[in-house]
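> Residue numbers (the numbering used here): 1208 to 1559.
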Ligand code: F0G
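1. Is residue 1293 a contact residue of the ligand F0G, with contact defined as CB to any heavy atom under 6 Å?
2. If we count the other Cβ atoms within 10 Å of its Cβ and call it buried at 16 or more, is residue 1379 buried or exposed?
3. Below 8 Å on the Cβ atoms is my contact criterion, and I expect residue 1426 with residue 1354 to pass it. Report the Cβ-Cβ distance as a whole number of Å.
4. So is the beta-carbon of residue 1481 under 6 Å away from any non-hydrogen atom of the ligand F0G?
5. From residue 1581 to residue 1514, what does the alpha carbon distance come to, in whole angstroms?
6. Tell me the residue span of the alpha helix (DSSP H) that contains residue 1521.
7. Runs of 3 residues minimum, wholly inside the segment 1297-1324: which ones carry the beta strand (DSSP E) assignment?
8. Would you say the beta carbon of residue 1450 comes nearer than 6 Å to a heavy atom of the ligand F0G?
9. How would you label residue 1451, buried or exposed, when you count the other beta carbons within 10 angstroms and need 16 or more for buried?
10. With respect to the beta strand (DSSP E) encompassing residue 1258, which residues constitute its N-terminal and C-terminal limits?
11. Mapping the DSSP letters down to three states, classify residue 1269 as helix, strand or coil.
12. Output needed for residue 1256: all residues of its chain with C-beta closer than 6 Å, excluding positions within five of it in sequence on either side, in chain order.
13. In this structure, does DSSP put residue 1428 in helix, strand or coil?
14. Do you know offhand how far residue 1337's Cα is from residue 1293's?
15. In chain order, which continuous runs of the beta strand (DSSP E) of length 3 or greater are located wholly inside the segment 1382-1431?
16. For residue 1453, decide whether its Cβ has a neighbour in chain D, counting only Cβ atoms nearer than 7 Å.
17. Less than 7 Å between the C-beta atoms of residue 1279 and residue 1230, yes or no?
18. Any idea which residues DSSP pairs residue 1360 with across the strands?
19. Please report how far the alpha carbon of residue 1438 lies from the alpha carbon of residue 1398, in whole angstroms.
20. Name the one or two DSSP bridge partners that residue 1472 has.
21. In whole angstroms, what separates the C-alpha of residue 1324 from that of residue 1314?
22. Relative to the ligand F0G, is the shortest distance from any of its heavy atoms to the C-beta of residue 1430 smaller than 6 Å?
23. Where does residue 1335 fall in DSSP's three states?
24. Please work out which residues of its chain come closer than 6 Å, Cβ to Cβ, to residue 1460, disregarding the five sequence neighbours upstream and downstream, and give them in chain order.
25. Go to residue 1250, then tell me how far its alpha helix (DSSP H) extends in each direction, as first and last residue.
What follows is the structure, encoded as structure tokens:
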């Protein structure tokens, strides 16, 4: 079996890299496209639903796709330190790749609103963490100014190399399916990922690698849905802290992706997100983080509009292990505590 060499090596001809670019990689990308029968069944007809499980990247989220590019290019340019604002996943990924490339990693996070797994990663990767009294949007304003004034490279999705790396997920989907899906369902926060996917689909289409392009279906949490309501949300709120963002920096690109693809934006409530999150776990054995489940929640909410016999891909952007608090508080498990270490007792609880 040939080993996956990471996405820069796999898609070198499609990326702005040269022989002199040092490739900082953890072998990211190459994630599985998994059929989810229980979701297909709920949609009905001959619809086939798959999830692109990007939570299986090296730091557990799709951010690694963008970060291998951003950090490799930063290294090529002689950069010694990087900075980002983050709801958690970007900070974990930036720290991992920066450290691998021998750089400092400064991360600004909203104090108290980052899931434990993500914080644990940033700590262990040796990031220099500043938890600010404000939300992601405030943190992003600060890091943009800092990177303009000081010798640190910004690795949020305003860095164009991030989207270049992330577009490879669209290539992988077409390479796997042999064609583009009819719908691409994706959660939106800062709206970089939907923009990157759209770029990838268009590039493959223009090169004749597929005959169609998908409709881009972007989903946000109701309490934090600036793209759906077309206005900045001053105090965004949602259980899906990864997408707790009120003023997405890539909004123009995302709107273009929606319009060009004849797609749509829709919000889903926290309740709908958690239902989808539990469903994927219980019926498919797939554990994603709440923000990722928004793509499934959105698809189920729009099920009456799904074209017949269609192929749909929902992007699962992050691994469920990122947010253990959410898992422990939101599940339908039978959890018997303090059970006596006794065969009869155990068997009786099992219903035998
Ligand atoms: N899903 C997860 C798990 C995320 O972490 C994010 C963004 C998104 C979806 C939305 O992607 O911003 O490209 O629209 N997380 C960023 C972070 C904001 O700081 O980790 P987007």
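Glycine included, C-beta positions come from ideal geometry on N, C-alpha and C.
Since the model is a prediction, treat every value here as computed from it, not as a measurement.
Straight from the coordinates:
1. Position 86 of the chain shown, counting from 1, holds the residue named residue 1293. Checking every heavy atom of the ligand F0G against the Cβ of residue 1293, one is found closer than 6 Å.
2. Here residue 1379 corresponds to residue number 172 of the chain shown, with the count starting at 1. Buried, by the Cβ-count rule.
3. Here residue 1426 refers to the residue found at position 219 of the chain shown. Here residue 1354 refers to the residue found at position 147 of the chain shown. In fact, because the Cβ distance is near 30 Å, the residues do not count as touching under 8 Å.
4. If you number the chain shown from 1, residue 1481 lands on position 274. False, no ligand heavy atom lies under 6 Å from that Cβ.
5. Residue 1581 is absent from the model: the chain starts at 1208 and stops at 1559.
6. One-based indexing of the chain shown puts residue 1521 at position 314. Careful: residue 1521 lies outside any alpha helix (DSSP H), inside the beta strand (DSSP E) at 1518-1523.
7. 1311-1317, all fully within the segment 1297-1324.
8. Here residue 1450 corresponds to residue number 243 of the chain shown, with the count starting at 1. Because some heavy atom of the ligand F0G lies under 6 Å away, the Cβ of residue 1450 counts as near it: yes.
9. What you label residue 1451 is simply residue 244 of the chain shown in a count that begins at 1. Under a 10 Å Cβ-count criterion, residue 1451 is classified as buried, with 16 or more other Cβ atoms of the shown protein chains found around its own Cβ.
10. Numbered from 1 along the chain shown, position 51 holds the residue referred to as residue 1258. Element bounds for residue 1258: 1255-1260.
11. One-based indexing of the chain shown puts residue 1269 at position 62. Correct three-state label for residue 1269: coil.
12. The residue you call residue 1256 lines up with position 49 of the chain shown. The residues are 1243, 1246, 1247, 1519.
13. To locate residue 1428, count along the chain shown from 1; it is residue 221. Three-state result, residue 1428: strand.
14. On the chain shown, position 130 is the one that residue 1337 refers to. On the chain shown, position 86 is the one that residue 1293 refers to. Residue 1337 and residue 1293: Cα-Cα distance of roughly 11 Å.
15. Listed in chain order, they are 1390-1394, 1422-1428.
16. Here chain D cannot be found, since the structure has a single protein chain.
17. On the chain shown, position 72 is the one that residue 1279 refers to. On the chain shown, position 23 is the one that residue 1230 refers to. Cβ atoms of residue 1279 and residue 1230: closer than 7 Å.
18. To locate residue 1360, count along the chain shown from 1; it is residue 153. DSSP output for residue 1360 lists 1289 as bridge partner(s).
19. As a first step, residue 1438 is located in the chain shown; it is residue number 231 there, counting from the start. As a first step, residue 1398 is located in the chain shown; it is residue number 191 there, counting from the start. Cα to Cα, the separation comes out at about 14 Å.
20. Translated into positions along the chain shown, residue 1472 becomes position 265. Its beta-bridge partners are 1425.
21. Here residue 1324 corresponds to residue number 117 of the chain shown, with the count starting at 1. Here residue 1314 corresponds to residue number 107 of the chain shown, with the count starting at 1. Here the C-alpha atom of residue 1324 lies approximately 15 Å from the C-alpha atom of residue 1314.
22. Working through the chain shown from its first residue, we reach residue 1430 at position 223. No; taking the cut-off as 6 Å, the Cβ of residue 1430 has no heavy atom of the ligand F0G nearer than that.
23. Translated into positions along the chain shown, residue 1335 becomes position 128. Collapsing the DSSP output to three states places residue 1335 in a strand.
24. Counting from 1 along the chain shown, the entry for residue 1460 is found at position 253. Only 1402 meet the Cβ criterion.
25. Translated into positions along the chain shown, residue 1250 becomes position 43. Note, residue 1250: alpha helix (DSSP H), 1244-1250.
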